[in-house]
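One structure is given below, encoded as structure tokens.
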Amino acid sequence: MESNTALAPFYAAAHDVAREPAARDAADLLVEALEALGVEYVFGVPGGAIEPLYNALARSGRRGGPQAVVARNEQGAAYMADGYARETGKIGVCIATSGPGATNLITGVACAYDNNVPMLVITGQPPIKNFGKGALQESSCTGINTMAMFRPCTRYNSLVSHAEQLPIKLFNALMHAQRAPSGPSHLSIPVDILRQPLPDDLETPDFSGLLRRAPALVDLPAVRQLARLLFSARAPVWLIGDGCGEAANELMQLVQLTDGHFIATPDGKGFINPRHPRFRGVFGFGGHSSAAELLSSEPDLVIALGTGFGEFNSGGWSTNLLNSRLVHVDDSDENLMRSPTARLHVRGHIKSVCEQLITLLAPSNSGQDATVLPFLHPQKAARAYEAMVDSPAAIHNDSAPVKPQRLLATLGERCPPQTRFVADAGNSAAWAVHYLAPHDQRSARMPGGPYLPAGQERRTRPSSWLRVTMDFAPMGWAIGSAVGIAMANRRCPVVCLTGDGSYLMNGQEITVAAELGLPVLYVVLNDGALGMVKHGQRLAGAEPIGFELPKVDFAMMAAAMGIPGHVIRSPADLDALDFNAILSRGGPTLLDVRIDGEEVPPMNLRMKTLGTAK
Numbered sequence: 063m064e065s066n067t068a069l070a071p072f073y074a075a076a077h078d079v080a081r082e083p084a085a086r087d088a089a090d091l092l093v094e095a096l097e098a099l100g101v102e103y104v105f106g107v108p109g110g111a112i113e114p115l116y117n118a119l120a121r122s123g124r125r126g127g128p129q130a131v132v133a134r135n136e137q138g139a140a141y142m143a144d145g146y147a148r149e150t151g152k153i154g155v156c157i158a159t160s161g162p163g164a165t166n167l168i169t170g171v172a173c174a175y176d177n178n179v180p181m182l183v184i185t186g187q188p189p190i191k192n193f194g195k196g197a198l199q200e201s202s203c204t205g206i207n208t209m210a211m212f213r214p215c216t217r218y219n220s221l222v223s224h225a226e227q228l229p230i231k232l233f234n235a236l237m238h239a240q241r242a243p244s245g246p247s248h249l250s251i252p253v254d255i256l257r258q259p260l261p262d263d264l265e266t267p268d269f270s271g272l273l274r275r276a277p278a279l280v281d282l283p284a285v286r287q288l289a290r291l292l293f294s295a296r297a298p299v300w301l302i303g304d305g306c307g308e309a310a311n312e313l314m315q316l317v318q319l320t321d322g323h324f325i326a327t328p329d330g331k332g333f334i335n336p337r338h339p340r341f342r343g344v345f346g347f348g349g350h351s352s353a354a355e356l357l358s359s360e361p362d363l364v365i366a367l368g369t370g371f372g373e374f375n376s377g378g379w380s381t382n383l384l385n386s387r388l389v390h391v392d393d394s395d396e397n398l399m400r401s402p403t404a405r406l407h408v409r410g411h412i413k414s415v416c417e418q419l420i421t422l423l424a425p426s427n428s429g430q431d432a433t434v435l436p437f438l439h440p441q442k443a444a445r446a447y448e449a450m451v452d453s454p455a456a457i458h459n460d461s462a463p464v465k466p467q468r469l470l471a472t473l474g475e476r477c478p479p480q481t482r483f484v485a486d487a488g489n490s491a492a493w494a495v496h497y498l499a500p501h502d503q504r505s506a507r508m509p510g511g512p513y514l515p516a517g518q519e520r521r522t523r524p525s526s527w528l529r530v531t532m533d534f535a536p537m538g539w540a541i542g543s544a545v546g547i548a549m550a551n552r553r554c555p556v557v558c559l560t561g562d563g564s565y566l567m568n569g570q571e572i573t574v575a576a577e578l579g580l581p582v583l584y585v586v587l588n589d590g591a592l593g594m595v596k597h598g599q600r601l602a603g604a605e606p607i608g609f610e611l612p613k614v615d616f617a618m619m620a621a622a623m624g625i626p627g628h629v630i631r632s633p634a635d636l637d638a639l640d641f642n643a644i645l646s647r648g649g650p651t652l653l654d655v656r657i658d659g660e661e662v663p664p665m666n667l668r669m670k671t672l673g674t675a676k
């Protein structure tokens, strides 16, 4: 595979001095299982207690199998695995040594858990014989108990105490990570177990069999009941959540068949065309008043698909959404349990549910191309989207410092159509969810890739042009996630939107993108403050404390790392950039954008749910 050559020079240099083991050990078995699943990269930081696994990855890298990507901090490794999983639909893998290596992973693992991202987490332990003796960085039940720490934020969590346990525990971990609701699985493996030779007759599961999907289960009686409701509904509203990526085309066909309109959750926006004539905005954090008004108009039917109704996705558990007019469609019982007042629950694979509905609603047209949608001239589409946003005039404001609204509009207009945007927690996500709307009517030749007309990418569950993290939303997540996305898909450039506070926490991960030659544009919204804290305090009338940050030239920081950077002080500076050239180069670029810190992001929902809105 093309991507498996990315790190070959790093492994070739060590080939002459590396010694192949006399027999396959437990670490080799683990790497072979990942290879069977098509996993290309393993993200982590080496250490003594995990050394046999890195030895196995070095051997794997030389033969074209899974390769190690070294992060600068284990938290960054977890974010990279998160981004890789979201982009590919494969399982993301992150590894760390025992003790502090393991605890550094936890924030990234918790984020993946709350966002249902499938992940395999491997941590090391000292030799079992040293448990309880005060071994260096011991993190078993007799030390700093990382097993207990990972338990609340994983779908499966186990210590491998014998090499013979590894095949079945690894199989169980992978199964739990990928079944609904998906999320991280954790295995903690002592170093002596990792290096233990395996007997030739050890039976191992068919790991490649995990790739074979089980038949899509659908509650057909519930689907038929939903079809009857749709036949009698007037202009139903479709709410598209983050679980709808595979079904985006079918959903657009259903919107047309039912003469309805659609809205999206913040993390569902990346699956749809925000300039579609039937789109009425994002509902929830950073969303649009048009979406809230549509729901408050009491439509007779609202069909929500692929969402768990957390705070950000439900408008702070709005009763305009969570009521008896709601039909909730999902493949996860955990998500369905969050809408107890719904009129109907439809359990099943979302794409299969949509296909069944199309057959029931329009049997003679069930084979029709779902991508044939009403056309709206790009200029009219742009005006329609601008009519939804809070401050349309700010999109065209040419004053300095740069208005965040102007920045987001420029990025949507100037970046290539296949660009993946990743927005960090806080103001970056709020601005992106509200204002970012790339033009999908354009076409372009992607750097290093074939001519790919916009809208012609094959839809998969993870394919999204905008990624934000909901619920458990750590600062700095997007910085590492952008690396994982870029590693997963080298045909699509990546733009990471982050704040100066987030960059000061995790910005060192940009050097991973530089080392591997990844086309990632890091856009730092620099206002010298923890922006959401500052504006939250002002809106709540709270004490103004703890939000100020030092004035930092992030372009100079990037230059010190050998990475080109630009300070953007005005819209003219922004307009002078050649985005195609920036996103075509073999490595990252940083924009230090001096934004107008007095512009308040669309964060009223957050203030409301905190009980501090005025």
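Quick note on the numbering used here: the sequence shown kicks off at 63 and runs consecutively. The beta-carbon is built from N, C-alpha and C at its ideal position, and this holds for glycine as well. Just so we're clear, the structure is a prediction, and the values are computed from it rather than from any experiment.
Fill in: Straight-line gap, Glu176 to Ala617 (C-alpha atoms, nearest Å)
Start at 1 with the first residue of the sequence shown, and residue 176 comes out as number 114. Start at 1 with the first residue of the sequence shown, and residue 617 comes out as number 555. In the sequence under discussion, the amino acid at residue 176 is Asp, which differs from the Glu named in the question. Whole-angstrom Cα-Cα distance: 33 Å.
Worksheet item: By Cβ distance below 6 Å, which residues in the same chain neighbour Gly170 in space, the five residues on each side in sequence not counted?
Response: In the sequence shown, the residue the question calls residue 170 occupies position 108. Excluding positions up to five away in sequence, the list reads Gln137, Ala140 and Tyr141.
Worksheet item: Who are the Cβ neighbours of Ile630 in its own chain at under 7 Å, not counting the five residues just before and after it?
Response: Stepping through the sequence shown from its first residue, residue 630 is reached at position 568. Around Ile630: Val464, Leu636, Leu653, Asp654, Val655 and Arg656.
Worksheet item: Between the C-alpha atoms of His248 and Val556, what's the straight-line distance to the nearest angstrom?
Response: The residue you call residue 248 lines up with position 186 of the sequence shown. The residue you call residue 556 lines up with position 494 of the sequence shown. So the alpha carbons of these two residues sit roughly 29 Å apart.
Worksheet item: Quick one, which of Ala326, Thr369, Asp658 and Cys477 has its alpha-carbon nearest Gly349's?
Response: In the sequence shown, the residue the question calls residue 349 occupies position 287. The shortest Cα separation from Gly349 among Ala326, Thr369, Asp658 and Cys477 belongs to Ala326.
Worksheet item: Going by DSSP, which residues form a beta bridge with Pro493?
Response: As a first step, residue 493 must be located in the sequence shown, where it is residue number 431. Residue 493 is actually Trp in this sequence, not Pro. BP columns for Trp493 are empty, so no partner.
Worksheet entry | is_contact[Gly305, chain C] using C-beta, thresh 8 Å | Within the model displayed, chain C is absent; a lone protein chain is all it includes.
Worksheet item: What is the residue span of the beta strand (DSSP E) that Met181 lies within?
Response: Along the sequence shown, read from residue 1 onward, the residue named residue 181 stands at position 119. First-last of the beta strand (DSSP E) with Met181: Met181 to Gln187.
Item to complete: State the beta-bridge partners of Glu610 as determined by DSSP.
Response: Residue mapping note: residue 610 aligns to position 548 of the sequence shown, counting from 1. Note: Glu610 sits in a beta bridge opposite Ala591.
Worksheet item: Closest to Ser250 by CA distance: which of Leu273, Met211, Pro283 and Arg274 is it?
Response: As a first step, residue 250 is located in the sequence shown; it is residue number 188 there, counting from the start. Checking every option, the nearest Cα to that of Ser250 belongs to Met211.
Worksheet entry | Enclosing beta strand (DSSP E) for Cys156 [first to last residue] | If you number the sequence shown from 1, residue 156 lands on position 94. Note, Cys156: beta strand (DSSP E), Gly154 to Ala158.
Discussion item. Taking only three categories from DSSP, how would you classify Ser376?
Written reply: Within the sequence shown, the letter at position 314 stands for residue 376. In the three-state reduction of the DSSP assignment, Ser376 falls in the coil class.
Worksheet entry | Assigned secondary structure, Phe341 (DSSP; H/G/I helix, E/B strand, else coil) | Counting from one through the sequence shown, the residue named residue 341 turns up at place 279. In this structure, Phe341 counts as strand in the three-state DSSP scheme.
Item to complete: Could you check the C-alpha separation between Arg552 and Arg600 for me, to the nearest Å?
Response: In the sequence shown, counting from the first residue as 1, residue 552 sits at position 490. In the sequence shown, counting from the first residue as 1, residue 600 sits at position 538. Going from the Cα of Arg552 to the Cα of Arg600 covers about 42 Å.
Discussion item. Under DSSP, the beta strand (DSSP E) around Ser247 begins and ends at which residues?
Written reply: For this step, residue 247 is matched to residue 185 along the sequence shown. Unbroken beta strand (DSSP E) run through Ser247: Pro246 to Pro252.
Practice prompt. Leaving aside the five residues before and after Gly659 along the sequence, list all residues of the same chain whose C-beta is less than 7 Å from its C-beta, in chain order.
Written response: As a working note, residue 659 is residue 597 in the sequence shown. Here the set comprises Asp589, Gly590, Ala591 and Gly593.
Item to complete: Pick out whichever of Asp362, Asp329 and Glu448 has its Cα sitting closest to the Cα of Ser352.
Response: Counting from one through the sequence shown, the residue named residue 352 turns up at place 290. Comparing Cα positions, the closest option is Glu448.
Worksheet item: Which same chain residues, not among the five before or five after Phe193, have their C-beta less than 6 Å away from its C-beta?
Response: Locating residue 193 in the sequence shown gives position 131, where the first residue counts as 1. Only Ser202 and Thr204 meet the Cβ criterion.
Discussion item. So within the segment 206-250, which uninterrupted beta strand (DSSP E) runs reach at least 3 residues, ignoring any that extend past its ends?
Written reply: 218-221
Item to complete: For Met619, count neighbouring C-beta atoms within 10 Å of its own C-beta (all shown protein chains included) and say buried if the count is 16 or more, exposed if not.
Response: Numbered from its first residue, the sequence shown carries residue 619 at position 557. Under this definition Met619 is a buried residue.
Discussion item. If I follow the unbroken alpha helix (DSSP H) through Phe293, where does it start and stop?
Written reply: Taking the first residue of the sequence shown as position 1, residue 293 is located at position 231. Here the alpha helix (DSSP H) through Phe293 covers Leu282 to Ser294.
Fill in: CA nearest to the CA of Ala284, picked from Phe233, Gln187, Thr159 and Gln418
Position 222 of the sequence shown, counting from 1, holds the residue named residue 284. Looking at the Cα atoms, Gln418 is the closest of the given residues.
Worksheet entry | Segments assigned alpha helix (DSSP H), at least 4 residues, entirely inside the segment 617-669 | DSSP runs (the alpha helix (DSSP H)) wholly in the segment 617-669: 633-637 and 641-644.
Discussion item. With DSSP as the reference, identify every bridge partner of Tyr584, one or two as the case may be.
Written reply: Position 522 of the sequence shown, counting from 1, holds the residue named residue 584. Residue pairing of Tyr584 in beta bridges, as defined by DSSP: Cys558 and Leu652.
Worksheet item: Alpha carbon to alpha carbon, how far is Val408 from Ile420?
Response: Taking the sequence shown and counting its residues from 1, the one referred to as residue 408 is at position 346. Taking the sequence shown and counting its residues from 1, the one referred to as residue 420 is at position 358. Going by the C-alpha atoms only, they are around 15 Å apart.
Discussion item. I'd like to know whether the C-beta atoms of Arg650 and Ala576 end up nearer to each other than 8 Å.
Written reply: Residue numbering aside, residue 650 sits at position 588 when the sequence shown is read from its first letter. Residue numbering aside, residue 576 sits at position 514 when the sequence shown is read from its first letter. According to the sequence shown, residue 650 is Pro rather than Arg. Against a cut-off of 8 Å, the Cβ pair of Ala576 and Pro650 comes out as a contact.
Worksheet item: Whose CA, out of Thr369, Ala225, Ser394 and Asp395, lies closest to the CA of Leu384?
Response: Indexing the sequence shown from 1 puts residue 384 at position 322. Nearest C-alpha to Leu384: Thr369.
Discussion item. Assuming the contact rule is C-beta atoms closer than 8 Å, Gly154 and Pro180 should be a hit. Round their C-beta distance to whole Å, please.
Written reply: Your numbering for residue 154 matches position 92 in the sequence shown. Your numbering for residue 180 matches position 118 in the sequence shown. About 7 Å; that satisfies the 8 Å criterion.
Discussion item. Can you confirm whether the segment 484-501 touches the segment 451-459 when touching is taken to mean that 3 or more C-beta pairs between the two stretches lie within less than 8 Å?
Written reply: yes
Discussion item. For Val415 and Ile547, I'd like the C-alpha separation in whole angstroms.
Written reply: Counting from 1 along the sequence shown, the entry for residue 415 is found at position 353. Counting from 1 along the sequence shown, the entry for residue 547 is found at position 485. Roughly 29 Å separates the two Cα atoms.
Fill in: For Trp527, the three-state DSSP class (helix, strand or coil)
Numbered from its first residue, the sequence shown carries residue 527 at position 465. Coil.
Discussion item. Between Leu99 and Leu273, how many whole angstroms is the CB-CB distance? I'm expecting something under 8 Å.
Written reply: Counting from one through the sequence shown, the residue named residue 99 turns up at place 37. Counting from one through the sequence shown, the residue named residue 273 turns up at place 211. Contact annotation, Leu99 with Leu273: C-beta distance approximately 6 Å; criterion of less than 8 Å satisfied.
Fill in: Cβ shell of Glu265 (< 6 Å), same chain only, five flanking positions each side left out
Mapped onto the sequence shown, residue 265 falls at position 203. Closer than 6 Å at the Cβ level, and outside the excluded window around Glu265, lies no residue.
Worksheet item: To which residues does DSSP link Ile365 through a beta bridge?
Response: Residue mapping note: residue 365 aligns to position 303 of the sequence shown, counting from 1. According to DSSP, Ile365 bridges with Trp300 and Val389.
Worksheet item: So what's Gln418 in DSSP terms, helix, strand or just coil?
Response: By one-based count along the sequence shown, residue 418 stands at place 356. Three-state DSSP puts Gln418 in a helix.
Discussion item. Taking its Cβ as the centre, do 16 or more other Cβ atoms sit within 10 Å of Gly648, making it buried, or is it exposed?
Written reply: Your numbering for residue 648 matches position 586 in the sequence shown. The residue in question, Gly648, is exposed, as its Cβ has fewer than 16 Cβ neighbours within 10 Å.
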